[in-house]
Structure formats: C-alpha cells, structure tokens
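**Q**
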Amino acid sequence: MIGKRMQDVMNEQIKHETFSAYLYFSMAAYFHSKSLDGMAQWMKAQAQEEFGHALRFFNHINDRGGLIELQALDKPQTEWESPIAAFKAALEHEVFITGKINDLAKLADEENDRAAGIMLQWFVTEQVEEEDSVSTVIDMLELVGDSGHGILMADRELGQRIAGPILPPEEEA
Ligand code: FEO
Numbered sequence: 016m017i018g019k020r021m022q023d024v025m026n027e028q029i030k031h032e033t034f035s036a037y038l039y040f041s042m043a044a045y046f047h048s049k050s051l052d053g054m055a056q057w058m059k060a061q062a063q064e065e066f067g068h069a070l071r072f073f074n075h076i077n078d079r080g081g082l083i084e085l086q087a088l089d090k091p092q093t094e095w096e097s098p099i100a101a102f103k104a105a106l107e108h109e110v111f112i113t114g115k116i117n118d119l120a121k122l123a124d125e126e127n128d129r130a131a132g133i134m135l136q137w138f139v140t141e142q143v144e145e146e147d148s149v150s151t152v153i154d155m156l157e158l159v160g161d162s163g164h165g166i167l168m169a170d171r172e173l174g175q176r177i178a179g180p181i182l183p184p185e186e187e188a
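Note that this note's numbering gives residue 83 to position 68 of the sequence shown, counting from 1, and the numbers run on in steps of one.
#1: Identify, in the order they occur along the chain, each residue of the same chain with its Cβ nearer than 6 Å to the Cβ of residue 192, setting aside the five sequence neighbours on each side.
#2: Hey, could you find the ends of the alpha helix (DSSP H) residue 125 is sitting in?
#3: Out of 98, 130, 51 and 40, point me to the one whose CA is closest to residue 66's CA.
#4: Classify residue 49 as helix, strand or coil using the three-state DSSP reduction.
#5: Between the C-alpha atoms of residue 110 and residue 33, what's the straight-line distance to the nearest angstrom?
#6: Let's test the definition: count the other Cβ atoms within 10 Å of the Cβ of residue 133 and tell me whether it reaches 16, buried, or not, exposed.
#7: Determine the direct distance from the alpha carbon of residue 95 to that of residue 171, and round the result to whole angstroms.
#8: How is residue 71 classed by DSSP in three states: helix, strand or coil?
#9: Since residue 68 and residue 55 should fall inside the 8 Å C-beta cutoff, what is the C-beta to C-beta distance between them, to a whole number of angstroms?
#10: Check whether the Cβ atoms of residue 173 and residue 57 sit closer than 8 Å, and answer yes or no.
#11: Is the distance from the Cβ of residue 21 to the Cβ of residue 126 below 8 Å?
So, in structure tokens, the structure goes:
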C-alpha cells in the first residue's frame, strides 16, 4: 500500500510529466509553423516519451492500491524566439523535472518506501539521459549558428528520431 504523502506527490508528478508532453507538443507545433518538420518530429517523439513517464507513475500508484487524481494543466508557451531558444527552454524544463524526481527520491528515503525508491531509480537514470539528449541538440544548433543551410541539415538529422512504444511491453499494466 502506498503512503498518502507519496501518493500525493506522485499524483503531482503525473501532472508534471503530462505537462512536459504538452509543452513538447507545443514546441512541435511551433517548429511545424516554421517548416522545421524534423525538429517537430523530434519534439513529438519526446512528447510521447513523456506520456510514458506519466503512465509509469499512474501504474505505480494504481498497483499499490493508491488513488489516482489527475490535475489541471497550464497552457504551455506557444512561441519561441528561435529554434535554439525552444531547445534551451526544453533543457530548463528538464532540469526542473530532475529536481522533482530528486525530491521524490528523497521522500522515498524519508518514508523508507523501498518500492518507490526502486521505481524512482529508473527516473534518476532517465533524467541524466533526458538532459544529455537536449544538451546535444543545443550544442549542434550552437555550432550551426545562423546558417540557414546548417539549420536545414540539423532539421533533417533531428527528424530521424523515431518514437518508441509509450511503455515497453513488460511495463504495461
Ligand atoms: Fe519525463 Fe523529460 O522528463
């Protein structure tokens, strides 16, 4: 049985992860509006991953007899100054999410909640990957600078990203 505090903070995390998906969909829409369909594809794949993250918390609360309570989402930003500004905003958001995961891991320690601690270990590792993958795109766009040709090449490269399943089959409840 999940504790009330852990249940409440995990419900809050479902909102953060779902908002991440919403934000990345918004970024995808922005990139489509600039005819940068590869970057839009990258963001759509990222958004799909975020739904998977939300589902992991959803399933964890449910599997442990807790109560899932979905919360309202804010409207995400819809415009950015440039492609790199959007990816920098994505990195800033991921750093915020990493902080939330760390807070959850700390709570699991305080409450001696081993099941949550094990589940959260996946997220600690995932956040390292999440920050790294967005930073890599920012590095690429910094190299390219204002070159239209370079931005089109980067767009083509980022469009190669394929969305995996929302959850791997072994994680599906
Ligand atoms: Fe679910 Fe990108 O953090």
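C-beta atoms are modelled at their ideal positions from N, C-alpha and C, and glycine is treated no differently. For clarity, every value in this text was computed on a predicted model and none was experimentally measured.
**A** According to the data block:
#1: Any property of residue 192 remains undetermined from this structure, which presents the chain solely from 16 to 188.
#2: Position 110 of the sequence shown, counting from 1, holds the residue named residue 125. For residue 125, the enclosing alpha helix (DSSP H) begins and ends at 98 to 125.
#3: To locate residue 66, count along the sequence shown from 1; it is residue 51. Looking at the Cα atoms, 40 is the closest of the given residues.
#4: Start at 1 with the first residue of the sequence shown, and residue 49 comes out as number 34. Look at residue 49 here: in three-state DSSP terms it is coil, with no helix or strand label.
#5: For the purposes of this step, residue 110 is taken as the residue at position 95 of the sequence shown. For the purposes of this step, residue 33 is taken as the residue at position 18 of the sequence shown. Between the alpha carbons of residue 110 and residue 33 lies a gap of roughly 16 Å.
#6: Taking the first residue of the sequence shown as position 1, residue 133 is located at position 118. An exposed status is given to residue 133, since fewer than 16 other beta-carbon atoms sit within 10 Å of its beta-carbon.
#7: For the purposes of this step, residue 171 is taken as the residue at position 156 of the sequence shown. For the purposes of this step, residue 95 is taken as the residue at position 80 of the sequence shown. As the crow flies, the alpha-carbon of residue 171 is around 20 Å from that of residue 95.
#8: Taking the first residue of the sequence shown as 1, we reach residue 71 at position 56. Here DSSP, grouped into helix, strand and coil, assigns residue 71 to helix.
#9: As a working mapping, residue 68 is identified with position 53 in the sequence shown. As a working mapping, residue 55 is identified with position 40 in the sequence shown. No, residue 68 and residue 55 are not in contact; Cβ-Cβ is about 20 Å, not under 8 Å.
#10: For the purposes of this step, residue 173 is taken as residue 158 along the sequence shown, with counting starting at 1. For the purposes of this step, residue 57 is taken as residue 42 along the sequence shown, with counting starting at 1. In this structure, residue 57 lies closer than 8 Å to residue 173 by Cβ.
#11: Along the sequence shown, one-based indexing puts residue 21 at 6. Along the sequence shown, one-based indexing puts residue 126 at 111. Yes; because the gap between Cβ atoms is below 8 Å, this pair is in contact.
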